[in-house]
Amino acid sequence: MIDVMEIVRKLERKGASEAEVIMWRNRRFRVSFSEEISDIIDLELISVSLRVAVNKKIAVIGVEDISSENIERKIEEIIRIARASSEDPYWGGLNTVFGKTVVEEIYNKELDEVSYDDVRDIIRTMVDNVHDVHPKVSVSRGSFNILRTEYNYANSYSNEILKRFENSFGGYIWVRADVDNIGTFSDFFIGRSIKKDFDPAYFSRKVAERSLEFSRARKTTTGKYKIIFENSVAGSILTSVFSPAVSAETIFRKRSPLIDKIGTQIFDDKISIVDNGTIGRYIGAREFDDEGHPTQRTILVEKGILKTYLYDSYYAKLLNTRSTGNAWRGLASSPRPSHNVLIFEPGDLEINDLIKEVGRGIYVVRVIGEWLSNPVSGYVQATITHAYEIENGEIREPLKGGTLTMNLYENLKRSFIGASKETRATPARIVAPSIAVDNVSIS
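In the numbering used here, the protein residues as written are 506 to 948.
Structure, rendered in structure tokens:
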């Protein structure tokens, strides 16, 4: 077993002023399928990340061959890389605040007991329910995954190894309706408990019904509309545009429209947004971040007013404040501040009441290309792939096509209509309701 503290001490003896070591042990069970199961992967991977400072010269490397001989080689290598690197003039040292927030439900023993036969039965239930909707509706592809992670952290100041254990399940299904015209629809599922978080029959039937509906979709008409962004679409827009803007990194590097906006009204006063890494049922919740700092609940927007940004220790020191426990990093990269679980607080309307409130507009359920939106300006752009016409407060004809554009801050400040009670968690660590906005352009 890898002893991350022992590696920290070896790095120091080789010349590191400071050292940090992380070990991930990931066990992934994945079953891929279409009409039948096509592939099964049951794999355990152990990887190690090394980060050192030699004075203000920083180096990071990832290690996937964890043999003792290779670890020793990588220790020598990273010290050489650091000594040959340019200084980081802003370097203020590794994190020195450690702890574990109490986060319940982050590890569910139920998932340890799930067998291949259980997963096979879930997949069969989904495929059968797709067929029950219409004889010409079929599953094009899908997957079911269970991930278990052990995470060990230590640095020069931690004095002990911090450990956390997490597990989750998730996947997707893509369905095709081959009737007069072809219609497709896909959806994801994710959670900590299959029993509590997932109804495979209901889920797959809904996907199949939508694929059938969209086989008769007509083109969206150009104009300005009241738009309801279904919760998963609202979540993807927040991921692409809002989350980067509240990162202390983009604030420091002058790449955010929210610079110097703390205390000002950026959204409608009915909007509140928090980052909460302590609610274990959501993916992204964790006891401590990727620097060993405890996670917390951070109010970002309260009644439309921007309250703070998200910090790791590096940018907290640069901006003379405290880390909010939001450091995230990859195997071979330094930490960066990002959301743990970004939650757009729900509204007070059932979805049908929100549709009635809109009266006439478009209900958008799927988009692509939203990741090309501009977080520096708040400009949102996405191509509509699946939507519905709203007429007289009711869902009518299915629609497809057209590019929607808006400015997130202008539209959510001056043209916000409301949000649904129901929220949905996404794989991108966002929890969002469906939100209704006026004055959205479609071309």
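Just so it is clear, CB atoms sit at the ideal spot from N, CA and C, and this is done for glycine as well.
Remember, it's a predicted structure, so these values are computed and weren't measured experimentally.
For residue i, which of helix, strand or coil comes out of DSSP?
i	result
Pro-749	helix
His-636	helix
Leu-805	strand
Glu-569	coil
Glu-655	strand
Thr-928	strand
Gly-740	helix
Pro-903	strand
Ala-933	coil
Ile-784	coil
Ser-537	strand
Ser-691	strand
Thr-755	helix
Arg-871	strand
Using the rule of at least 16 other Cβ atoms within 10 Å of the residue's Cβ for burial, across every protein chain shown, is residue i buried or exposed?
i	result
Leu-909	buried
Tyr-658	buried
Ser-663	buried
Asn-672	buried
Val-863	buried
Lys-724	exposed
Lys-579	buried
Lys-729	exposed
Thr-601	exposed
Ile-611	buried
Val-607	exposed
Lys-759	exposed
Thr-727	exposed
Apart from the five residues on each side of it in sequence, which residues of its chain come closer than 7 Å, Cβ to Cβ, to residue i?
i	result
Phe-690	Val-680, Val-712, Arg-715, Ser-716, Phe-719, His-891
Ser-522	Ala-558, Val-559, Asn-560
Ser-953	In the structure displayed, the chain extends from 506 to 948; residue 953 sits before or after that span and is not available.
Lys-515	Ile-580
Based on the DSSP secondary-structure assignment, which residues constitute the bridge partners of residue i?
i	result
Glu-523	Ala-558
Asp-626	Paired residues: none, contrary to the question.
Tyr-730	Val-945
Gly-548	One point to set straight first is that residue 548 is Leu, not Gly, in the sequence displayed. Arg-533.
Asp-683	Ile-687
Ile-895	Gly-866, Ile-900
Gly-696	Phe-674
Ser-643	Arg-681
Arg-723	Leu-904
Trp-833	Arg-841
Met-506	Paired residues: none, contrary to the question.
Just to confirm my understanding: we take residue i, look at its own chain, exclude 5 residues before and 5 after, and list those with CB closer than 6 Å. What are they?
i	result
Ser-828	His-798, Tyr-816, Asp-817, Ser-818, Ala-821
Asn-531	Leu-550, Thr-654
Asp-795	Ala-832, Trp-833, Arg-834, Pro-840
Ile-512	Val-526
Note down, in chain order, each residue of its chain lying with its Cβ closer than 8 Å to the Cβ of residue i, except the 5 sequence neighbours on either side.
i	result
Met-631	Val-644, Gly-647, Ile-678, Pro-705, Ala-706, Phe-708, Ser-709
Check your understanding: Counting pairs of beta carbons, one from the region 711–724 and one from the region 738–755, are three or more of them closer than 8 Å?
Key -> no
Check your understanding: Is the region 642–656 touching the region 580–598, taking contact as three or more C-beta pairs under 8 Å?
Key -> no
Exercise for review: Pair every Cβ in the region 773–788 with every Cβ in the region 797–805, then say whether three or more of these pairs are closer than 8 Å.
Suggested key: yes
Practice item. Would you check if there are 3 or more beta carbon pairs closer than 8 Å linking the region 813–823 to the region 616–632? Key: no
Check your understanding: Does the region 886–904 come close enough to the region 918–934 to have 3 or more Cβ pairs within less than 8 Å?
Key -> no
**Study point:** Inter-stretch contact at 8 Å, needing at least 3 Cβ pairs: the region 882–889 / the region 842–856
**Key:** no
Review point. Would you call the region 694–710 and the region 827–846 touching, i.e. three or more CB-CB distances under 8 Å?
Key: no
Review point. How do the region 868–888 and the region 729–743 stand: do at least 3 beta-carbon pairs fall below 8 Å, yes or no?
Key: yes
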